Amino acid sequence: MACNMVGESASVPALYVFGDSLVDNGNNNYWTTTAKANFPHNGVDFPGGTPTGRWSNGYNTIDFLASMLGFDSAPQPYLSPVKNTTQGANFASGGSGILDTTGPTTIPLSTQINFFQSVAQNLMQQMGSQQATLHLSKSLFLISPGSNDMVAYYMGGSGPPSEITKQLLINSLVQELETHLRNLYQLGARKFWMQGLFCIGCVPSSRIINPAGGCVEDGNDLARRFNAAVTQLMDRLSSTLAGMKYSHANVFSMMSAVLANPSAFGMKEVRSACCGGGINNAQLPCTPTASMCPDRNEYLFWDFVHPTQATYNLVALQSFNGSQNFATPINLMQLAQS
């Protein structure tokens with residue numbers, strides 16, 4: 001695990017996590033869905049070699065960020081039978097999206113926020129209104145939106161999307177995301193960490209549909225446009241909603257840097273998945289019988305679309321105290337201290 005980088009005690013009172021499989025740490029284990037990761041080889045590098053429901057060979061970004069912020073562990077899955085929500089909760093659901101229609105058997109962002117509303121109401125009863133409001137205003141709201149909405153769109157299409165179609169999709173997603181963010185703000189959220197989309201056209205499963213084996217530019221173009229639109233949205237909201245602050249993690253730039261110079265980041269394989277099967281080891285999912293690489297820290301991707309623990313750690317480090325190349329307008333450490 002990453003070391004505590006801000007002192008012995010947590011620098012914020014709680015972490016509340018929303019989004020998809022990039023930040024889910026087990027909610028889908030308790031949900032009726034086929035989108036699960038609670039089986040080997042997932043978790044092979046987690047303490048005890050335990051599959052936890054994380055789409056990773058070990059930890060994910062939230063685990064590393066929680067440690068950097070001074071927490072003993074990441075917040076527990078909200079649906080876990082045993083949990084303590086005073087230091088936060090993880091509401092994320094693998095396969096979910098900004099739109100309710102994305103990943104219909106998973107927990108969409110709207111429902112995740114409804115779950116948080118229950119937590120906020122309980123805090124009001126336990127702490128009193130004034131103390132709970134202060135608690136939430138100082139807490140961090142960590143959000144990973146849009147990956148599945150985008151992947152479902154461009155992987156499910158019959159051909160390259162038109163410029164008009166791309167813009168309509170992004171407008172629709174950003175409009176819905178704004179509604180979700182305003183709802184969180186009304187419930188007491190003030191400090192937002194937004195994880196940008198990575199190079200979705202460069203994941204192993206995307207490369208399969210490119211005859212040359214390279215990245216799929218339509219996917220990357222959608223990700224770039226979405227990231228730019230979300231940044232504009234956050235700028236606008238933070239200038240109009242009193243007390244709102246944010247940090248946007250430019251994961252696209254982080255991944256681009258690794259793809260351009262893997263060895264600088266300690267990586268050797270950036271095209272194929274570590275766990276899977278077929279072309280790029282990405283035509284089959286990561287299952288107990290799948291092929292698995294022995295040198296997992298040298299791989300960018302764990303399975304056909306998800307990063308390795310090493311990549312999650314890189315994202316956390318650059319998000320936490322990285323430069324404006326990777327975190328804007330401030331990094332997460334600055335957001336926590338603000």
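What the sequence shown shows, in my numbering, is residues 1 to 338, in sequence order.
Think of the CB as a built atom: it goes at the ideal place given N, C-alpha and C, for glycine as much as any other residue.
On a predicted model such as this, the values are computed, not experimentally measured, just so you know.
Query	Result
Among Gln232, Phe198, Met124, the one whose alpha carbon lies nearest that of Gly188	Met124
Neighbourhood of Met249 by C-beta distance below 8 Å, restricted to the same chain and skipping five residues each side	Looking at the sequence provided, one finds Ala at residue 249 rather than Met. Here the set comprises Trp193, Met194, Gln195, Gly196, Val315, Gln318, Ser319, Phe326, Ala327, Leu332.
Backbone CA spacing between Ala212 and Ser144 [nearest angstrom]	30 Å
Buried versus exposed, by CB contacts within 10 Å (16 or more), Asp295	exposed
Gln232 (DSSP reduced to helix, strand or coil)	helix
Beta-ladder partner(s) of Lys245, from DSSP	Lys191
Under the three-state DSSP convention, the category Ala132 falls into	helix
Secondary structure of Ala89, DSSP reduced to three states	strand
Touch test, the stretch 116–136 against the stretch 42–55, Cβ-Cβ under 8 Å, three pairs minimum	no
Candidates Ala35, Leu99, Gly58, Thr34, of which the one nearest Asn42 by Cα	Gly58
Selection from Gly97, Ala66, Tyr78 that minimises the alpha carbon distance to Phe91	Tyr78
Reduced DSSP category for Thr328 - H, G, I as helix; E, B as strand; rest coil	strand
Secondary structure of Ala223, DSSP reduced to three states	helix
For Leu140, the first and last residue of its enclosing beta strand (DSSP E)	140–144
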